[in-house]
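Novice: Handing you a structure now.
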Amino acid sequence: MGKSIKDLTLSYMDKLGVLWDDKKKEKNLITKLDDTSWQKEFLEMKSHSTSDVRLLMQGAKGFRDAWHLGSLHEEYKIMKRREHQQQQ
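If you're matching positions, the sequence shown starts at 14 in the working numbering and goes up one per residue.
This is the structure in structure tokens:
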């Protein structure tokens, strides 16, 4: 019958291009919403402040934390892209 809230949210986010890498024509998920492996890898890539380490290890507690975690994730993706380009 109807779609679940999760399906509707993912569909909406897909339309905004939030979940998909715009540079690739095929639809590859950058990261799943519950995937935290990037956080562990990012901790090893560079030094972080104490508050960033807590945020990366324990997750967001509110809107401000979620916003900052999102900015850390963007920084991680930039660093991974540069790392990949240097290997080529």
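Positions of the beta carbon are idealized from the N, C-alpha and C atoms, including for glycine. In this text, all values refer to a predicted model and were calculated from it rather than measured experimentally.
For Phe6, is the classification buried or exposed, using 16 other Cβ atoms within 10 angstroms of its Cβ as the cut-off for buried?
Specialist: The chain is shown from 14 up to 101; residue 6 falls before or after that span and cannot be answered.
Novice: Return the chain-ordered list of same chain residues with a C-beta closer than 7 Å to the C-beta of Ala73, the five sequence neighbours on each side being excluded.
Specialist: Same-chain partners within the cutoff: Ala79, Leu82.
Novice: Helix or strand or just coil, what does DSSP make of Ala73?
Specialist: coil
Novice: Cα separation between Arg94 and Glu88?
Specialist: 10 Å
Novice: Closest by CA to Glu96, which one among Leu68, Phe55, Ser60?
Specialist: Phe55
Novice: If contacts are defined as beta-carbon pairs under 8 Å, then Met58 and Met92 qualify, I think. What distance do you get, rounded to the angstrom?
Specialist: 6 Å
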